[in-house]
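One structure is given here, and the rest of the page talks about it.
Protein chains in written order, with the working numbering: chain A, 102 to 359; chain B, 15 to 245.
Here it is in C-alpha cells:
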C-alpha cells in the first residue's frame, strides 16, 4: 500500500516535470542590478500575454558570470546585461539570434551620502561635498568590472579629483557592493545607481544626481540568444521590452529609456 | 613575467595576513582548546558550537554581519571609535579580525583533539612529581600534542590564505591593504583576463595541495587522527 502511494507520487512528479518540459518555456538571464525592475516586468509580461507563471524563468547573476555561463552553453533565451560590452561579445562569438542588441535601459549615477554621517547631515550633497573632502571613504564599483564604476572614475577625472581622492577609494565588485558599503555607514560617501537610492527611498538631499554629460552613457543592452531561435516567447518578450508599458516601469525605477 | 606588481603585492599581503592570523589564533586558540578539552561545564556545548559555526556558515553571512558590526553604529565600530578608528572595514586589521573568526575552528579543533588524546593520566603523574601547571603544559602537553599544534597552524594558515567571500564583502579591494590573492583572481576572472587568473589560480592550487599533503603525511606518520574537523 505504502509502496503504491510513493509510486503514484513519483509518477506525479515525473508527469509534472515533463509537462513543464513540453510547454513553451522562456528562460531569461538578467543582470542582478536589475532585479527589482525585472520582477515587475515579469509580472506585467505574464499578465499581458496571459501566460502560465511557470513558463517564464528568470536567473539573476552578475553580467560577467551570465556571459561566462552563456558561453558554456547555459540554456537562456534572452540576456539582459548591465552593460553593452557583454552583449557585443556574444554577438561576436556568434551566440546570439540577431546581431542587433537592444538598449533597454540607461542607468544614472549618483553620489550618495550615508545616513550615519551626522556632522554634515544638514547640507545637501552636491559636487562640493566631493571637493571639500567631507568623508572618510569614497565607495564605488570597480571601474574594471562595472559600468557604474567606470562612470564614477570618469566623473572624478573630469573634476580632476582622481589623484586627490584615490587613497580614500574602496571598491565593490559591483554597484550593489558599493551601495552596501555606504548603506552600512562604513563608507560615508559613494557613487551608486539612481535606481538603488530610489528603491531604498533616500531623501533627495542625501544624493547628487551626477549630470549625464560627465560620464559615458551607462547603457544596458539586451540580446536574444541562439537557443531562442524557434521560441516565439522570446520574441514576444523582446517586443514587450520595447513597449510603452515596459518603458514606464523601467523609468519609474530610476532608469532612462531611449 | 608570470606575475605583475599588483599580483606580487597581493601575494605578499595574503602571506602577511595568514601569518598574523595564525600567530594570534595559536595564542587565542590554545587556552580555548585546553578549556574545551578539560571542562565538564555546561557551557562546553554552546562554546563548541560557536567555535564550529564558521565551518557551516556561508561567508556571506559572516561578511554581512561583520560589515554591520564594523559600521560606526555597530558593536565593533563603537569600540574602534574609542580608539579613533572610524571603521575597521576596508583595513588590514579588519581582515585580521574577520579571519580570526573565520579560521578559529581550524586551529581550535586539532589542538583540542590532541590534548584530549593525551588524557589526564600523564598530567596527573607529572603533578605528583611536583610539576606546576605551566611546567606540565610545556614539558608534557606541548611535546605530546606537537602534531596537533602543527596541524592547527598549517590549517589556520592555509584556510586564511583561501579566504574569499568574507574579504570580498568587507575589504573594498584596496591594493596592498585588502586586495588578497583570492580577490585578485576574482577580479581577473570577472574582467575576462583569464590568462592572469590562471597564473594566480594555479599557484593557489599547488600551494593548497602541498599544504594538505604535508598535513596528511605527518599525521600518517604519527598515527594520530587529528583532522576530524572536516565534514
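Don't be surprised by glycine CBs; every beta carbon is placed ideally from N, CA and C.
Item, Value
"Sequence-distant residues of its chain with Cβ nearer than 6 Å to residue 168 of chain A (five each side left out)", "187"
"Bridge-paired residues (DSSP) for residue 158 of chain A", "A:128"
"Cβ pair count under 8 Å reaching 3, the segment 16 to 36 of chain B against the segment 151 to 164 of chain A", "no"
"Beta-carbon neighbours of residue 129 of chain B, restricted to chain A and to distances below 9 Å", "Residues of chain A passing the Cβ test: none, with the nearest at roughly 39 Å."
"Reduced DSSP category for residue 122 of chain A - H, G, I as helix; E, B as strand; rest coil", "Unreliable positioning characterises residue 122 of chain A in this predicted model, as indicated by a pLDDT of 47, which lies under 50. The coordinate reading is nonetheless provided below. Helix."
"8 Å contact criterion, which residue 295 of chain A and residue 211 of chain A should meet: CB distance rounded", "5 Å"
"Reference residue 39 of chain B, options B:185, B:124, B:74, B:202, closest by Cα", "B:124"
"Residue 173 of chain A (DSSP reduced to helix, strand or coil)", "coil"
"The segment 81 to 113 of chain B: positions lying closer than 7 Å to chain A by Cβ", "81, 82, 84, 85, 86, 87, 100, 101, 103, 104"
"Nearest-angstrom Cα separation, counted from residue 341 of chain A out to residue 335 of chain A", "10 Å"
"Length of the line joining the Cα atoms of residue 109 of chain B and residue 152 of chain A", "49 Å"
"As assigned by DSSP and simplified to three states, the class of residue 293 of chain A", "strand"
"Nearest-angstrom beta carbon gap, residue 150 of chain A and residue 323 of chain A [assumed within contact, 8 Å]", "18 Å between Cβ atoms; not a contact."
"Which listed residue (A:354, A:356, A:164) has its alpha carbon closest to that of residue 189 of chain A", "A:164"
"Enclosing beta strand (DSSP E) for residue 319 of chain A [first to last residue]", "319 to 325"
"Min CB distance residue 163 of chain A to chain B below 9 Å", "yes"
"Element boundaries [alpha helix (DSSP H), containing residue 204 of chain A]", "Where residue 204 of chain A is concerned, there is no enclosing alpha helix (DSSP H), although the beta strand (DSSP E) it sits in stretches over 203 to 208."
"Residue 106 of chain A in three-state terms, based on DSSP", "helix"
"For residue 193 of chain A and residue 333 of chain A, the rounded distance between their alpha carbons", "24 Å"
"Complete alpha helix (DSSP H) runs within the segment 214 to 252 of chain A (minimum length 4 residues, chain order)", "228 to 233"
"Cα-Cα separation, residue 178 of chain B to residue 143 of chain B", "49 Å"
"Local Cβ density within 10 Å of residue 106 of chain A, reported as buried at 16 or more and exposed below that", "exposed"
"Straight-line Cα distance separating residue 140 of chain A from residue 281 of chain A", "21 Å"
"Nonlocal neighbours in the same chain, by C-beta distance under 6 Å from residue 367 of chain A, ignoring five residues either side", "Here chain A has residues from 102 to 359 only, and residue 367 of chain A is not among them."
"Residue 181 of chain A - DSSP class collapsed to helix/strand/coil", "strand"
"Cutoff 9 Å: residue 332 of chain A Cβ touching any chain B Cβ", "no"
"Enclosing beta strand (DSSP E) for residue 272 of chain A [first to last residue]", "270 to 273"
"Where residue 31 of chain B falls, given that 16 or more other Cβ within 10 Å makes a residue buried", "buried"
"9 Å Cβ cutoff met for residue 308 of chain A and residue 275 of chain A", "no"
"Residue burial classification, residue 123 of chain A (beta-carbon count within 10 angstroms, cutoff 16)", "With a pLDDT of 46 at residue 123 of chain A, under the threshold of 50, the modelled position of this residue cannot be trusted; read the value that follows with caution. That one is exposed."
"Continuous alpha helix (DSSP H) stretch holding residue 309 of chain A: start and end", "Here residue 309 of chain A belongs to no alpha helix (DSSP H); instead the beta strand (DSSP E) covers 308 to 310."
"9 Å Cβ cutoff, residue 280 of chain A in contact with chain B", "no"
"Contact under 9 Å by Cβ, residue 169 of chain B with residue 229 of chain B", "yes"
"Test item: CB-CB of residue 104 of chain B and residue 271 of chain A under 9 Å", "yes"
"Residue 359 of chain A beta carbon near the ligand PLP (any heavy atom closer than 8 Å)", "This structure does not include the ligand PLP; it has no bound ligands of any sort."
"Through-space distance from residue 66 of chain B to residue 57 of chain B, alpha-carbon basis", "14 Å"
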